[in-house]
Every structure is written in C-alpha cells, then in structure tokens.
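Comments concern the structure below.
Numbering (my numbering), first residue to last: 1016 to 1516.
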C-alpha cells in the first residue's frame, strides 16, 4: 500500500472512530434520560404524595396531628423513593453496558472486515507475480523471447518469487531466489513503455511488446536499431558504438557468441527501461546493483540486505494508525550508528558522481527518497530502485514543449522540476535542482541526528550550502564538485579510524 493510499485509510479510520464516540455518547445520554424518566414516572405513581388531609397510594398524611408524625411519614417516603430509583437506574446502566458491548463488537467486526478487504484488494492489485510469470513463460515456450533466466523461471522452476515489494501494479518487484542465490526480480506488466508526463510517473502502453526486431533482421540491422535508440535517449554522448557492443554481449545470454532472435527481442524490450540501461552503463560501479539475468522484460538483479535507507518494517495493520509525520520521526530512531550512516552517505555522494556527467552524459534522479536506497551488511550503499533515474537529454526533449500554466505543471516524478515560461505557456528544458542538492536534502536529518559535536556545525553549514545549489547558477559545475568533495572529506576524516568504517 503506498503512502497516499495509507493516508486515505488512516483518515477514514479516524473518522469512523470519531463518529463512533459521538454516537455512543448520544445513545448513552438519550437512553439513560429516557429510562430515568420512565422509572421516575412509575415510582411517582407507586409512591404518590397526596396533599395534606387526603389519602393516596396507601399512604395517609394527616392534616392534623403531631408534627413528628408528618416528618416520619415524609422520611419513609423519601427513603422508599431513593432506594427504588437507585435500583432502577442500576438496571438501566447494566442494560446500557450490554447494548454498548454489542454495538462495539459489531463495529469491531465491521471495521476489521473492511480493513481486510481493502488490504486484500490492494495486495491482489499490486502483487501480480503469477500473472507476470505466466505472460513471460507463454512467450518463452512459443519461442518469442529467450534469455538466461528463462529456463530457470519456466522449466526447472529454480527462480522463485518471494516477498512482494511492488508499489505500482505495472512495475512488479519481488525478493527472489535463483539457484539458491538471493536476488530482486522485476517485471513489467504493461506491454510497452514510453515516458509520459501526466499525473502518474508510470510508463503507459503504446505498442505490442516483443514485436521488434522482426524475423529476418540481421545482427548489423539490430545494432543500427540500438544505436538509433541510444542517440535518441542519450544524445551524442560518449562512444555509442562501444555501448552497442556492450549491449550485444549482455544480450547473448547463453554465451554462444551469437544473439538469437528471442534474445534480441528480450534485449530490445529491456532497453526501453531506463533502469536496465543504467545498470549496463554503470555495471562496474560499486553502488549499482549487478544484473544477474533476464527473460523478456523480466530481469533479476543482485539482492540488497536492507531495502531502505532508514526506518523499521511494521505490520500493515499498525501502519494504518501511525500518522505520516510521526512515522518519519520514528524512522530516524531506527538507523545504524552515526559512523555507519556517514559511510552510507558517502556512498550516495559517490553514486551522484557516477551519474553526473558520466561517459554517456548526465542522468537525473527524479525520485530521491529513502525507499529507493539500500545498503548491504558492510554498510555500502546500493541502489534499490533506479526506474526514476532518466537521461537528461531524453527528459529535456520530452518536457521542453509541454503546455503549462504554472511551474507545478513542469514536474517529472517528484524531484525533476523545470519552470513554466509564461510568455509561451510552455515548460522550459532546464531542470532547476541538481542531483547533489536533492541528495543533501535527503541526508540532512539523517546525518545531523547523532552527529559528533565537533563537526556538527561545519556539517550543517556544508549541507545547507549543498541544498542551495541551482543548475542555473554561474559556475555550477565547479561549485558542485567543490561541495561534493568537501562533504566527502569531512565525513571520511571523522570515520576513517573507526571500526564502523
């Protein structure tokens, strides 16, 4: 269940609880009031107090006689009324408690059933691993696709789907095991992908997947197709011919020196995904997860022991009742020791370096959140989800002519923002905030909490200078490099002689 859905469920539950309390109080007041009036009426009829000189209800109050006889008669009548009224009120309260117990029992059953239904519906929508496997295996068994993971997935069944980590229905993500090796399995449920700048970040269906290359396509023709795709995505950056040859090596899953039609179709489908392209480009970098294998547009990457930068995993029932603001504060309590956090932070800064003006241009991090970052048992940062890291050239081409009325219309993902040109009512192509500024924003609370007193002031100063970075600033690249190196140096000096580093 994502944050938006979780917040909606929380608000609904709070509203139900508030209404329940109000209803129960109203019922209690009206019920006791009605019962008290009824019992008082009955008692007054039973113990009618007549006027002096008259007789009623079996009790005679003499009009004449000693004063003490009158006082005694009234005291007896008062005691009888009080005793009877207390008995009737006790019965009324006992009856109310029983009704209240039944009401709350019914409410608990209703709310519990509703929560289970919502959770089950959400899970079945988000976690569609069986459907994904069926689609891939049907294509493999008919000879449409091929890849190193196909046989294990569809024949020997030694590639297992474990815990579901999906946050979007068309981007399936599971912890898995492949031949006794842990990994992360990712699968696309839509049939073709292209960037779309609507309200959703998710790619949308456009054409039939696995239809390219067609039968009869030569290896040379396939290389030309891949080269054209890279030029559109990356621009004239680096040695694209060398990157094409690298892709052909990856596509040759059985390592027989030839790329079959099925392998070529799988590779072409995967190249539409920015995460796969980035894994190939950065395959030798420490903080990029290694590609273990693929089948169609399903691929397996190396496992990461800790799949979030910080926080603790709680049962979903408890998550429903925790406000998001308190949850963020609570997450900061469940983090490694400060030297280990510093090492993880250095890893994120190094990854920012890897994607900033690399051999094939600049890649933009458009969703810099803790859930997309993880680390291993040695506290080395590993990227968990890179689907929102996109080539800058590609993003600029797609967003520059988009119609807009304000800057809010010129946003991709959660972090990649451009400005709206009010004279033309179109988005500009220059992204406002660089990757480093977004990374520092994420690390600010993470690093300042528990930071050693001797470096806290300097660390805070450098982090705020980093957050203030703008792409449009003069000499931005020089400032970028200077701030990044200063931060890394400050952290390394503090942890270089500790066991945690």
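Ideal Cβ placement from N, Cα and C applies to all residues, glycine included.
In this text, all values refer to a predicted model and were calculated from it rather than measured experimentally.
Only buried fits residue 1398, as 16 or more other CB atoms lie within 10 angstroms of its CB. Residue pairing of residue 1188 in beta bridges, as defined by DSSP: 1201. Under the three-pair Cβ rule at 8 Å, the segment 1413–1429 does not count as touching the segment 1386–1397.
Assignment of residue 1398 by DSSP, reduced to helix, strand and coil, places it in the strand class.
Where residue 1176 is concerned, the enclosing beta strand (DSSP E) starts and stops at 1174–1179.
Counting only runs of 4 or more residues that sit fully inside the segment 1356–1427, the alpha helix (DSSP H) segments are 1407–1414, in chain order. Taking the CA atoms as reference points, residue 1143 sits about 10 Å from residue 1202. In the three-state reduction of the DSSP assignment, residue 1325 falls in the coil class. In the DSSP assignment, residue 1313 falls within the beta strand (DSSP E) that extends over 1313–1317. In the DSSP secondary-structure assignment, residue 1308 is bridged to 1315.
Residue 1165 and residue 1348 have their C-alpha atoms roughly 42 Å apart.
Counting C-beta pairs with one atom in each stretch, the segment 1230–1237 and the segment 1273–1287 have three or more that are closer than 8 Å, which means they touch. The segment 1400–1413 and the segment 1352–1369 do not touch, with fewer than 3 CB-CB distances between them shorter than 8 Å. Considering only 1501, 1483, 1150, the residue with the shortest C-alpha distance to residue 1310 is 1150.
Taking the CA atoms as reference points, residue 1299 sits about 16 Å from residue 1371.
Annotation: residue 1155 to residue 1313 spans about 12 Å, alpha carbon to alpha carbon. Annotation: the continuous alpha helix (DSSP H) that includes residue 1475 extends over 1468–1482. One thing to note: residue 1174 has its Cβ within 8 Å of the Cβ of residue 1167. In the structure shown, residue 1436 adopts extended strand secondary structure according to DSSP, grouped into three states.
A buried status is given to residue 1186, since no fewer than 16 other beta-carbon atoms sit within 10 Å of its beta-carbon. In the DSSP assignment, residue 1257 falls within the unbroken alpha helix (DSSP H) covering 1255–1266. With a cutoff of 8 Å on beta-carbon distance, residue 1250 and residue 1443 are scored as not near each other. Residues of the same chain with a CB within less than 6 Å of the CB of residue 1482, apart from the 5 flanking positions on each side, are 1452, 1455, 1456 in chain order. Here DSSP, grouped into helix, strand and coil, assigns residue 1280 to helix. In terms of Cα proximity to residue 1373, the closest of 1296, 1422, 1354 is 1296. Within the model, the alpha-carbon separation for residue 1246 versus residue 1255 is close to 8 Å. DSSP, read as helix, strand or coil, puts residue 1442 in strand. Annotated three-state conformation of residue 1183 is strand, per DSSP. For residue 1320, there is no enclosing alpha helix (DSSP H), as DSSP marks it with neither H nor E. DSSP lists 1193 as the beta-bridge partner residues of residue 1196.
In terms of Cβ geometry, residue 1169 and residue 1152 form a close pair [threshold 8 Å]. Boundaries of the alpha helix (DSSP H) around residue 1495: 1491–1510. Shown here for residue 1383: same chain residues with a beta carbon closer than 7 Å to its own, the five before and five after excluded, namely 1430, 1453, 1454, 1457 in chain order. Close CB contacts of residue 1450 within its chain, under the 7 Å cut and outside five residues either way in sequence, are with 1367, 1370, 1371, 1379, 1380 (chain order).
Per DSSP, reduced to three states, the secondary structure at residue 1169 is helical.
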